[in-house]
Each structure stands twice: as structure tokens, then as C-alpha cells.
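First up is the structure itself, then whatever we jot down about it.
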Amino acid sequence: MSAKAICEATGKDLLNRFLNSTAITSRFISVNENANLKDLAVQNAWLKMEKLVIKPDQLIKRRGKLGLVKVGTDLNGCKEFLNKHMCKDIQIGSSVGKLRNFIIEPFVPHTPEEEAYVCIYSYRNADVILFHHLGGVDIGDVDSKALKYEIPIDGSIDEKEVYDKLLINMPLEKRELVTKFIVDLYRVYVQLYFTYLEINPLVITKDSIYIIDLAAKLDATAEYLCKQKWGEIAFPPPFGRDAFPEEAYIADLDSKSGASLKLTILNKKGRIWTMVAGGGASVIYADTICELGGASELANYGEYSGAPSEQQTYEYAKTILSLMTKERHPEGKILLIGGGIANFTNVAATFKGIVKALREFQTKLIEHNVSIFVRRAGPNYQEGLRVMRETGNTLGVPVHVFGPETHMTAIVAMALKRKEIPKLPETKLTTANFLLPSHMGADAFSPGFNGGGGMTSPSINSSFSPVFSPPPISSQTTKFTRPLFTSRTRAIVWGMQSRAVQSMLDFDFACSRKEWSVVAMIYPFSGDHRQKFYWGHKEILIPVYKNMSDAMNKHPQADVLISFASLRSAYDSTLETLKFPQIRTIAIIAEGIPENLTRKMIKLARSKGVTVIGPATVGGIKPGCFKIGNTGGMMDNLLSSKLHRPGSVAYVSRSGGMSNELNNIISRSTNGVYEGIAIGGDRYPGTTFLDHLLRYEADPEVKMMVLLGEVGGVEEYDVCDAIKDRRLTKPLIAWCIGTCASMFNSEVQFGHAGACANSDHETAVAKNKALREHGAHVPNTFDELGNVINQVYQQLVEAQIIVPKEEVAPPTVPMDYDWARELGIIRKPASFMTTICDERGNELTYAGIPITRVIKEELGIGGTLSLLWFQRRLPTYATKFFEMVLMVTADHGPAVSGAHNTIVCARAGKDLVSSLVSGLLTIGERFGGALDGAARQFSQAYDSNIIPMEFVNQMRKKGELIMGIGHRVKSINNPDMRVKLMKDYVKQTFPLTPVLDYALEVEKVTTSKKPNLILNVDGIVAVSVVDLLRNSGCFTREEAQEYLDIGVLNGLFVLGRTIGFIGHYLDQKRLKQGLYRHPWDDISYILPEQSSSSNSIQ
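For the sequence shown, full-length UniProt numbering assigns the number 1 to the initial residue and increments by one for each residue that follows.
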């Protein structure tokens, strides 16, 4: 949503900060249920000294007439007013809510003659200032009374015009004052990205202006531009609907995601809950629920779209399920997991997130007697439905799952028991055939297909206007009625969107185009290069340019630009594009461009004769010719909807997701789509419905047209006017979604930014009525849309206006390897295997344990080591022992070979990694390698039942050293504290220590001969690890021996000593030590003696 209402206090604060002293600064305090009036009075002395006004500040209109304003009172009167109204239920119209927020201001004494009215609002082509010299609660119909002054886009306000046009009824002595105020107010309006600003009354005395009551909306999408000026802005919910923390959580999730996540709680006790994918589809589901009598039980409105990740969908689903299972309902509850046919969202990924949440809430779902109905299609939907069906078998509640073979909203009628639940045959997913479901075979596309939700719809032929042949079309086409795309269209793509480009090339190939449509890409964040793509089986290279001018100059044949730029850069990149006359069509995918910027962009494009599709769109498609980006979804959907060749039906929609559903409906009800455009969900799309319908009217290949409008805006009335004056003569089937809006007690902003009615004139019901009255074919519900399309089509066939053609089979299009693998239809031997770590999911896991658990449960370095080295979680005593090993082996001074090498390399100017490696490479049998040997010798001796004395004697006879025995400095009388600490810990915490005990007996024998032949650090570590692996109960004897054989002990020494080596490197760098040169006096130079004969001269 873009335009969001703000509190009166917020609006007055903004005007206080940015108006240039043209009005008296508003003094006010905001009071909520937690406020302390006593403290506020200390901070604001005027509360005790002046007469006051108190009123609710909760987006309530006509507060004065409702008796919710107390004027001329004092602080005690305000307290009484608050006691009477604070947190009390009140009904305003059909909305019931609690009053929680109030505003208190000083009372401004004035006469009725000093009250005026001013309002600024925006529409597509201009900003409008309304002014009336009389204001207040009794102003009446201000639209008919107020004087109007329009400021065109990119225009500037003219003081003289304001003075002469708006203020003709004001006293002369006040005009100059008011003129300056209005000019300043408009400056702030534009500067702070207001979309609506109303002040009533505006009190105008002889020399001062006071802002009394204020209502305003800001363009929330402009936050990235205005954050510093706005500060922290709170957008309150409409009156009658409390703000829920869950809504705030989803809004926060949405703000941090590239996807779209929306949630509005309508009735937390409601029985019907929805989890719908797609802005347009979510509105249609709400419509259908209300049409079938479920309005009072509809609990929420919301949507997820834009390819959210599995984790994001899980969080969204978890939030809805937590709300749904808070309160019981005697009839149980219904969860509708619905959506249209996705264009690019991976259905399987989103469904896995939903399934994860369903399993987590399994017990509560059973307790609340929940029934789940699922309908979805789009990329990888087969896997998504399979996962959902398998979950349904074990979830313990009824789960009914349907795909594109079922009408989108049919599950609503099933859930509300208006329609029987069909038993679908199980699909055998044994081959790749599942990519094209059986119902989508070549013979399944009967034009007589019933596109409704399974309910028999009444015959509506009697309401049809007669089918007639359109008048001859003029051979002169204007720049706005010319075809946008042909089979020779060449495009440039802005943004590194490789998957979208490959989808376009695959569509080109399926359409039997002679050449691919994408000639270049623009990506400012890298240098010029080439990207590899596929044309059928053949690999091709498409150039990528850093600068737009290079792309345009080198590819003058390109006349379409598809912009995947972000909302922050889409405006600037579009303005740059408009500098190149070769570009005649621009598609802007980004959602959330500020409205003021969009309007400027539209005006400039229109002046240059450039057609803009979007913003906030998936694009459009012309079967057999060209498609924009991800439009139409995956190849299986493109082919199943027969989009590889043209039909006779052209459509225009706001919703990208619903355009794909229209492809499905039209292909089942007619001979197919000729062209389809999604103009975008923003309030000001680059082109309107009428722009495209006029193009279709001018194209002789288009025989009938479909319009899918929606609540909000007035573009559909332009279509009515065009039908009336016969600029549109071809049969038009039209439906506006959002009919449910009038059934809600409070205002609901639907998924698209423009889907909110600001007046009765903008409601879907009013627009459907107007379209029907002007001769369009309007069904009774969305469910009947397919039936109406089919009936009009059949009439045109009978009149021989449409002559069905023989079906043309498309060429075989290879599937990408990555996608085929994700669908599970191919397998390939892996080059690598791993069992310790997985970074592919939403969270890094070590041996299956998420990193959040590793941190939260404080597993530490020892626990992490146990997971990554041993693929299991070891007891705490074991992980602490590993940490102790790392501590005692971390360093042993600079004199040892490893540390010495590290120091020498560091002083030679080498980097950390090179210096570290030089030290590590010295580790071997003579340095650090004793651990493996000690473990092997002691464990073999113990296992052979050789007494310690005999073991020592055997090793002496062999002439072999006993690894892990002996120390240069320490002795039995001067023990190594490292060994003592570890020995004590192991004896106290390990369940059994037989090999350690054996080693200590060996030490008794060796120290009796020489006192320094003690068990050293290598020895204590080696035998303790053997005891740990053998006796912890976590390993079999074979596993324990395998870990010893593959070098886990040396791994411990290497890991520990790495800490010390890095320390030595950092130490030398910090001390700024120079290049090391070994002193001569520490080198013994022994040269071979030269014979006398060799010294003689030959």
C-alpha cells in the first residue's frame, strides 16, 4: 500500500516543522491509555492556563457531529472526557471500536465567519487545491461548493492564480495572508510526499492562521526519500480495527524482504482464515467468501507474493496459524491456502514453509477442528501439491488439495459446503509426464469448458448486447494504438535477471521465432561482458553492458526495454531510457515507486509517445510473438495455456498473477489469447485499461476483449465512456474484483497499492454496474467469468467472426538442468559428498543441528567440533575436554619449529595465511605427530594384555621410542601442569579410563630409569581421546578405531596450534619486526678441504 493515513498529531507535527511561519504553530499533546495527565501538565504549562479542546485522534471523520469533540473546557474537563471515553466501545456507522488515542489542544476563540476549508489531493494528471471561504462541521458538499485550482505534474503553483481564482470570496485584507499560506502548504505537501491533506476548519483571523482540524495521508513508499524529514511515523489502522502485534510483525517482515507479505485481521474470532498467494487472487478469494455468505466469519485478509523464501513463508504461515488457534469456534475452522497460477514463485518452496508451520501446529489444528483446502499452480506446483498431500495424510485434520484443473475459487464453495468435494484420481508421478497434467492434454481444451467454481450459473445470454461486426478500422494507427510487440520485437533487459531472460528465450523458441528477442542486458554494477544462455539446445552469448548508452548504440533495432531495476533506481533508469528515441515500450517490474515520481515518469513517457507497462507488474505476453520477463510462468504452463500461438481474445488486467489465471480461463473457454497485459497494481499505472483496449480495438486479429478491473481508481469509467461513444465496439467481458470491500465494517487496503476505494464511485460494485449498463458483458461473480467468456466466444464462432484454426504443436523446448533436478525428474551422481554441514536451507546446520541451536544451547567450540568432526552431539564432559586440549596445545613458545617458521615468514612480509601454512607444514612425526603414534602404541599394548614392564622392554629391544613419553625440561619431580590438569579432569569426569591407567603404569616404569621420561602432553591427549571414543557410549569400537586411524588426534593438535601460530604472526606484525637474518655465530661453517692439486694452475 502506498497512501496511508496518519494521525492528526503526526500531521500537525510535520506542518509545525516545515511550514515557514505562515501559520501559528500548533500546540498539542497526544494522550493514550498509558499517559499521565499530571506529568503532561508539568511539561506543558498551557494545559493549566488556557481553555482546551479534546477529541479522539483515530482517523474518525465528522467527530464534531458525533459529539466526540469537547470545546472550551479545562484540564479537569479533559480528565472527565477521558474517563468517559477512554478504552470504551463506540459505534460509528457499522464500525465498532475502542477509543484509545486523543489529542488535546488550546482552544482558539473565533467566529464562524473566520472558518475556512482547504484541501490538497492528487490524481493521475495533476494536484488539486480546493478552497472554500466557509468551513467547519456544517460545510456540507464541499466538492460542489469549493473553488478548484489544478497544478499539472511538474508544474509550479502560481501565487497570482491562487489569489485570483481560489480567494475571490475572501475579504481583501486576508487574501495576501491566505495566499502565502496556501503556497507554503502546497510546497510542504509536495516536499513531504503527502497524497491527501485536508484542514477543516482553517481559522483565518485578521493577521493569523490557525490549523484546527487536520486529516492527511502520506505516500508510504517514499519513506526511503523522506525518512530524515518524517522521523518515526506510525500509520494507525482504520477505526474499528485494532492494531495487532501480528500485523506489525508481518509488516516488518515485509519491509525486510524483496517479496510482498501483507496481513490485516478483520475478525480474530472468525471461522474462515485465508493464506492466499497474489494480490489480485487474495481479493477474489475475499470476494467469493463474502458472496457465499461468509463475510461475518472472514477472519483475515492478506497475501504473500513476489517469490518469498521457504523461511519467510513459514514465518507468515506460523503467524496466521497462531492467530487462528487462539479461540475455538463451535463449527470448527476453515483454512484456505489458495492462489492463482504463479509466474515465477516456486510453489514447492513456499508450500514447504507452510507445511513446516502446519506440522508445528498439528496438535492445535486438531484441537480446533480445522479443515484445510488448498488450490495452487505455477512453477514446481506438482512437487508443492505432493508435499501438501503427504502432509495431509499424517496431519490429523482434513486436507483437500487441488491444482490448476480446479477453478481458482472452487475451494471456497467446497469449504462452505456449497459444493461437493470431488474425489480426484491420484496422479502417478512415475515419469516426466507429470509436468503436463492429464487434463491439459491437447484434446482437453474444449471451448465449452465450465470455468465457474463448479456451481451451475444461470443463463445470462438475455443480458448480452447483440454481437456485431466491428466497423472498418482506419489504416492510420496512432503511436498509442500501434502494436507493442511482433514476432520480430527485440528487447533490452535492465538488470541481471538470467532466469527471466532464459524464460523469454525459451518462449521465443516455442513460438518458432527465427531469432531470440533479448539482444542485450544492462547491469551497471559490473563491467561489459557476455552471459551464456540457451536457444533450444544451442548455447548463445548475450552481451551485458555497464552503460545504457553503449547498449542502445550497439543495438539500434531494440525498441523494448524491460526494467528489473529496484524501486530506488527504477525512476532514474526509466528517465535515462526515455532519452533514447528507439525505445517505444518500457515495462517496469518494480513495486513501490513513490507516486509523485511515477506521475512525472508517465507524463514524460506520454510526451515522447512511449508506452509504459507497470510499475508493479509482471508484464505482458503476445502468444506466438513475445513475452515480458517471467510472464506466463514456466514452460509447462505456457504450453498448457496454448500461449505458443495466437488466439482471438485480448485481455488487460491489473494483477500479474491474475493475468496468468486469465490465460488459463481463456484457453479453456475460447481458442486462446491473442495478447494480454497486466498494467500493474500501483495507483498510477503507466498505461490505463483504455489505452490497451483501444489498441485491441484497432487490431483486426482481436475479436473479443476481457477486462479484469478492481476496486479503487476510476479508469474503468473511461472504458464506459469509450463504449458509449463507440470508440470501443468489439465485445467486452468485464469484471472488477473487490466487491467484498463494501461488506467490511472498516476500510481495507487490498494487496495492490491502488486497490482501495476513496469514494462509493470507486467501489467494484459501482464499476461493475456502470460497465454492465454501458453494454459490457459483466458476470454475476468471478466464478462465472469463464462461462461468460465462453458464451460470447460461441456467439462469435456462430457468426463466423471467429473461425477456429487447426491446433499447431510447438517445438520441443529443452528444460534447464537445474529446474529438472529441482522437479526431481533427473538424477546425477554427485562429485562430492558431505555428512557434516548443510548451508542450502534457510539456516546453516551442523550435523543436522541448526546454528541457532548451537548458539542458543551454548555448545561452544567443543560442541561445534563434535558435530563437525564426529557428526553427533557428544556429552558435555567430552566437549569440554576437547576445549581443554585446544587450550593446552595452543602454543609452546617461539622456539619450536612451527612457531619459528611462522615468525620468519611474518618478518619476511608474507601474509597471514602463507605464514600460518609455513608453520603447519612442520607438523609431522618429529613435531606434533606423536599423538597418533602414542594412541596406536598404548592402545595396542593394552589390547594385547601386555604388562607395562614387558611393553617397555619390547620397545627397547626394537629400538623404538615410546611416543608420548619424555620431556626435555619437565620430570617426575617437576611435573608439567598441563598434563596434571588434564589427567585430573579425565579421571574425574570420564566414565572409564583403562588406556590412561595403562599409560600411567608405563610412566612408573620409565621414570624409574630416568625422571624426565614422563607422560607428556601428546601422551595424555592421545590416551584420553582413545578412552573417550571407546567408552563414552557414543561410538562403536569400529567407529572409534576408524577415527583414530584417519588422524583425528593430529587434527586436534593442528587446530590448537593454529591458534598459537596466528598469535605469533600478529605479535610480529604488531611489533613491526624486520626481515629475519640468522646470526653467523650460530652457524657452523664446515667447508670441504681443498687438495693441493686442485689449487694449482693447470
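C-beta: ideal position from N, C-alpha, C; glycine also. Treat the numbers as computed from the prediction; the structure is a model and nothing was measured.
| Check | Outcome |
| --- | --- |
| Can you tell me which of the three DSSP states residue 558 falls into? | coil |
| How would you label residue 940, buried or exposed, when you count the other beta carbons within 10 angstroms and need 16 or more for buried? | exposed |
| Which word fits residue 895, buried or exposed, when buried means at least 16 other C-beta atoms lie within 10 angstroms of its C-beta? | exposed |
| Taking residue 411 as the reference, give the member of 539, 485, 273, 393 with the closest Cα. | 273 |
| Could you give the DSSP three-state label for residue 933: helix, strand or coil? | helix |
| For residue 415, which of 19, 348, 289 has the nearest alpha-carbon? | 289 |
| Return yes when the C-beta of residue 898 is under 7 Å from any heavy atom of the ligand FAD, and no when it is not. | Judged by which ligands are present, the structure shown has none, so any question about the ligand FAD falls away. |
| Is it the case that the Cβ atoms of residue 520 and residue 551 are separated by a distance below 8 Å? | yes |
| What residue ranges within the segment 67-95 form continuous beta strand (DSSP E) runs of no fewer than 3 residues, ordered along the chain? | 70-73, 89-92 |
| Just checking, does the segment 290-298 make contact with the segment 248-257 on the three C-beta pairs under 8 Å criterion? | no |
| If I follow the unbroken beta strand (DSSP E) through residue 130, where does it start and stop? | 126-132 |
| Suppose the cutoff is 6 Å on Cβ atoms and the five residues either side in sequence are ignored; what does the same chain contact list for residue 1028 look like? | 878 |
| Please tell me whether residue 694 and residue 705 are closer than 8 Å, where the distance is taken between their beta carbons. | no |
| Would you give the residue range spanned by the alpha helix (DSSP H) that residue 1002 belongs to? | 994-1009 |
| Using 8 Å as the cut-off, can you tell me whether the segment 528-547 makes contact with the segment 502-518, which would need three or more C-beta pairs spanning the two stretches below that distance? | yes |
| Would you call residue 1066 buried or exposed, if buried means 16 or more other Cβ atoms sit within 10 Å of its Cβ? | exposed |
| What are the residues that DSSP puts in a beta bridge with residue 845? | 838, 850 |
| What residue range is occupied by the uninterrupted beta strand (DSSP E) comprising residue 300? | 300-305 |
| Compute the Euclidean distance between the alpha carbons of residue 183 and residue 156, then round it to the nearest angstrom. | 10 Å |
| Between 1007, 850, 94, which has its C-alpha nearest residue 962's C-alpha? | 1007 |
| Spatial neighbours of residue 430 within its chain, please: C-beta separation below 8 Å, excluding the five flanking residues on both sides. | Summary for residue 430: the model assigns pLDDT 37, below 50, so the residue's position carries little reliability; its value from the coordinates is reported in the next sentence. Answer for residue 430: no residue qualifies. |
| Under a Cβ-count criterion, where at least 16 other Cβ atoms within 10 Å of its own Cβ denotes burial, should residue 344 be classed as buried or exposed? | buried |
| Thinking C-alpha only, which one of 666, 516, 569 is nearest residue 588? | 569 |
| Residue 459 to residue 485, Cα distance in whole Å? | The predicted model places residue 459 with a pLDDT of 40, which falls under 50 and marks its position as unreliable; any figure quoted below should be read in that light. Spanning the two alpha carbons is a distance of roughly 37 Å. |
| For residue 942, collect the residues of the same chain with a Cβ closer than 7 Å to its Cβ; drop the 5 residues on either side in sequence, then sort them by chain order. | 994, 995, 998 |
| Does the Cβ of residue 432 have 16 or more other Cβ atoms within 10 Å, making it buried, or fewer, making it exposed? | Residue placement at residue 432 is flagged as unreliable, the pLDDT there being 40, under the threshold of 50; a coordinate-derived value is accordingly withheld. |
| If you check the beta carbons only, do residue 1122 and residue 643 fall under 8 Å apart? | No answer is possible for residue 1122: it lies beyond the span of the chain, which begins at 1 and ends at 1098. |
| Count the other C-beta atoms from every protein chain shown that fall within 10 angstroms of the C-beta of residue 168, then say buried if there are 16 or more, exposed otherwise. | exposed |
| Mind checking who residue 106 pairs with in its DSSP beta bridge? | 52 |
| Secondary structure at residue 145, three-state DSSP: helix, strand or coil? | helix |
| Rounded C-beta distance between residue 807 and residue 771? I'm assuming under 8 Å. | About 33 Å; that fails the 8 Å criterion. |
| According to DSSP, is residue 119 part of a helix, a strand, or is it coil? | strand |
| In angstroms with no decimal places, state the Cα-to-Cα distance between residue 1161 and residue 513. | The requested residue 1161 is not part of the displayed model; the chain covers only 1 to 1098. |
| Just curious, the alpha helix (DSSP H) that residue 529 is in, first and last residue? | No alpha helix (DSSP H) contains residue 529, which is instead part of the beta strand (DSSP E) from 529-535. |
| Give the secondary structure of residue 1056 by DSSP, where H, G and I count as helix, E and B as strand, and everything else as coil. | helix |
| So what's residue 623 in DSSP terms, helix, strand or just coil? | coil |
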